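Each number in this note's numbering corresponds to the 1-based position in the sequence shown with 170 added.
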Amino acid sequence: MLRLSTMLAVLTAFLFCFSTQSVEAKDPCVCEFEYEVSGHSDDSGQTYDIEVYIASNGTYELNGDFVNGASMEVCNSCHGDDNGPKDASYVFVGTYSYGNSLTITNLDTGCSQTITYDLPLHQPVNPHVDMDLVVTNYAGACDEGCVAHACDLWVDPKPSKIYFYAFNHQGTLHQIRYKKKHLGIYVEFPPTTSHYNQTSQFSGNTEYQAEIRVFCDGEWTDWSGPRFFTTL
């Protein structure tokens, strides 16, 4: 049986992401976000407290066995009128069983990840030994390499500003640019290691597009495909 510390390390997932052409709303792709899932029972294995921990920007929904439509919001920006939690946890209760599933969906991008897990029952010979949730199947833990995807970028338009978030490139040199949809030339932000950029230079109720690139292995990647959005 996996120990809890080992299970937590395994479950920290960085999911592979592919952009989809001609999709201008929520891209049906799997974007990377960082999460941990743990479960623990100290009452003879009859019930488990299951905790989902997320530390990547976004609004999330949890669905599966023992949980339905639970929401979580994470905003690492801490800027002015849009402060939010830098990370978030949600705890729900499950009863001992096998082959359970949990799907975590980022509602801002349509990205999701599903794991399956067991909640073992204590053996009668030693009924008071604490038990941990055991993951039986998960995806991810892959390296996308030196590639920038449209899914790496999340755009959050506000009435007076637009915020551009780099999902997986905080601490890594990257650059974001934007322009009106299919018109004109791009406005480029300076390269940065911050997880977001912001601008107040835009027209309201107008369609825009944004792209991202990353400095990797000593050179810049190509610009990603565009992510489309509409200002307020």
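Heads up, the beta-carbon is just placed ideally off N, CA and C, and yes, glycines get one too.
Values in this document were obtained by computation on a predicted structure and should not be read as measured data.
**Q.** Helix, strand or coil at W390 according to DSSP, with G and I counted as helix
**A.** strand
Q) H344 lies in the beta strand (DSSP E); which residues open and close that run? A) H344 to K350
**Q.** Limits of the unbroken beta strand (DSSP E) element including Y266
**A.** Counting along the chain, Y266 falls outside any beta strand (DSSP E), and DSSP gives it neither H nor E.
Q) For L272, which option in N367, A336, D302 and E231 has the closest C-alpha, if you only look at C-alpha atoms? A) E231
Q: Could you spell out where the beta strand (DSSP E) holding N307 opens and where it closes?
A: V304 to N307
Q. Do R397 and A320 have their C-beta atoms within less than 9 Å of each other?
A. yes
(Q) Using 8 Å for Cβ pairs, my map puts L402 next to P327. What's the rounded Cβ distance? (A) 5 Å
Q: Put C321 into one of helix, strand or coil per three-state DSSP.
A: helix
Q | Selected residue, minimal CA-CA separation from S394, among L303, T362, I346 and N367 | A | I346
Q. If you drop the 5 nearest sequence neighbours on each side, which residues of the same chain put their C-beta closer than 8 Å to that of L404?
A. Lying outside 171 to 402, the shown extent of the chain, residue 404 is not represented and no answer is given.
Q. Under a Cβ-count criterion, where at least 16 other Cβ atoms within 10 Å of its own Cβ denotes burial, should E389 be classed as buried or exposed?
A. exposed
Q. Taking all protein chains shown into account, do 16 or more other C-beta atoms lie within 10 angstroms of the C-beta of G264, making it buried, or fewer, making it exposed?
A. buried
Q: Starting from the C-beta of Q216, find all residues in its chain whose C-beta is less than 7 Å away, skip the five residues before and the five after it, and write them out in chain order.
A: T265 and Y266
Q: State the beta-bridge partners of E358 as determined by DSSP.
A: R347
Q) Alpha carbon to alpha carbon, what distance is there between N233 and D212? A) 24 Å
Q. Beta strand (DSSP E) containing T286: first to last residue?
A. C281 to L289
Q. Should I285 and F203 be called a contact, given that it needs their Cβ atoms to be closer than 9 Å?
A. no
Q: Measuring alpha carbon to alpha carbon, tell me which of Y366, D219 and Q371 ends up nearest Y356.
A: Q371
Q: Answer yes or no: does any C-beta atom of chain B fall closer than 9 Å to that of W390?
A: In the structure shown, chain B does not exist; there is a single protein chain.
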